[in-house]
Amino acid sequence: MRRHDFVVLSQWEALLRSHRGQTVRFLRLTFLAIALSAQFTQTAAAQSVATDTQPIDERGPLSVGLYAGELYKHQYLSILYRPQDIQLSPSYLVAANINYRIYKSADIPIQFEGEFDIAKRFHGADEFEVVLAPFVRWTSFPWNRLLYTNARLGVAGLSYTSGVSAWERDNSGNNRGSNFLQFGSMEVSFAAHENARSEVFVRVHHRSGVFGLINGVNGGSNYLSFGFRVFL
1258 MRRHDFVVLS
1268 QWEALLRSHR
1278 GQTVRFLRLT
1288 FLAIALSAQF
1298 TQTAAAQSVA
1308 TDTQPIDERG
1318 PLSVGLYAGE
1328 LYKHQYLSIL
1338 YRPQDIQLSP
1348 SYLVAANINY
1358 RIYKSADIPI
1368 QFEGEFDIAK
1378 RFHGADEFEV
1388 VLAPFVRWTS
1398 FPWNRLLYTN
1408 ARLGVAGLSY
1418 TSGVSAWERD
1428 NSGNNRGSNF
1438 LQFGSMEVSF
1448 AAHENARSEV
1458 FVRVHHRSGV
1468 FGLINGVNGG
1478 SNYLSFGFRV
1488 FL
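1258 is the number of the first residue of the sequence shown in the working numbering; add one for each residue after it.
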C-alpha cells in the first residue's frame, strides 16, 4: 500500500475515534470492506499491460466463499435508508458457501446463480444453519473501470436452523419462532476487474417468516456480514 493510502486511512481512523456508539462500529466495518476492495484496483492496474497482449480467462461458474457477521436489531431493509441508526448486537455468525452461476445473459448485464450455505451462530445463539437460495447478480455500474462492482440479491431462499435463538423467538410475533424460515440476502461485491479470480463483499444475511406466512412468524434475524469469495 502506498504512503498516500496510509495517510488517508489514518485520517479516517482519527475521524472514527472522535465518535462513539453503534454508528461508529457500522462505519468501521463498511470502510474496512471498501479499503480491502481498493487493493484489487492496484492489481488491475498491474495487469493492464498483460491484458493488451493476451486475453484474461473468464471467471468460471463455480465459486466458494467465507463470511462473518454481527446481528443488527432493525428491520431487514432499514440498512438501506437508515444505516446511521443500525444497532449492532454482540451475537455473531460465520458461514461458508458454494455458489454456482446457472445462467449469464449475453444481452443484459445480469446473471442467475444458486447458493448453498452452512453457517454457525455463537455468543447468545448456538445454532447451525443450512441455506439454499437463488440469487440474481447485476454486473453493470458506471464506475466499474475503476472498481469492479456487482450487486447480488436473493429473496426466495430457504433456511433451516438446528434451534431457535432467543432473539428470533422474542422477535417472532408468536413467542416460538421457527427452525424453517425464508432466507434473503442483499450483497455488494468488489473486485479488480470483470474476470478477477476473487472478490470481497458486504452482505446482509436475513431470515424471516415473510409477515407470518411461514409458521406464523413475523420477525427474524439480520446479520451485517463481510466476506471473501474465490472463483474456481
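Ideal Cβ placement from N, Cα and C applies to all residues, glycine included.
Since the structure is predicted, the reported quantities are computational estimates derived from the model, not experimental observations.
Check whether the Cβ of Asp1383 lies closer than 8 Å to any heavy atom of the ligand SAM, and answer yes or no. Annotation note on the ligand SAM: not contained in the displayed structure, which lists no ligands.
Segment contact flag, the segment 1327-1338 with the segment 1364-1375, C-beta cutoff 8 Å, min 3 pairs: The answer is no - the segment 1364-1375 does not touch the segment 1327-1338, with fewer than three Cβ pairs under 8 Å.
Give me the Cβ distance between Trp1424 and Ala1382, rounded to the nearest whole Å; I'm assuming they're in contact under 8 Å. The Cβ separation is near 7 Å, so the contact holds.
Phe1447 classed as buried or exposed, judged by whether at least 16 other C-beta atoms fall within 10 angstroms: With 16 or more other Cβ atoms inside 10 Å of its own Cβ, Phe1447 counts as buried.
Could you tell me which of Leu1481, Phe1488, Ile1471, Val1445 sits nearest to Leu1350, measuring between CA atoms? Looking at the Cα atoms, Leu1481 is the closest of the given residues.
Return helix, strand or coil for Tyr1338, following the three-state DSSP convention. DSSP places Tyr1338 in helix when its eight states are reduced to three.
What do you get for Gln1341, buried or exposed, if any count of 16 or more other CB atoms within 10 angstroms of its CB means buried? Classification for Gln1341: exposed.
Can Ala1353 and Val1387 be called in contact, C-beta distance under 9 Å? Between Ala1353 and Val1387, the C-beta spacing is not below 9 Å.
Three-state secondary structure (DSSP) of Trp1424: In the three-state reduction of the DSSP assignment, Trp1424 falls in the helix class.
Return the chain-ordered list of same chain residues with a C-beta closer than 6 Å to the C-beta of Asn1356, the five sequence neighbours on each side being excluded. Counting only Cβ-Cβ distances below 6 Å, and skipping sequence neighbours, we find Ser1320, Glu1370, Glu1372.
Quick test of your reading: Val1421 and Ser1435, contact by CB under 8 Å. State the CB separation rounded to the nearest angstrom. Confirmed, about 7 Å.
Apart from the five residues just before and just after Asp1374, which ones in its own chain have a Cβ nearer than 6 Å to its Cβ? Correct list, in chain order: Ala1352, Asn1354, Val1388.
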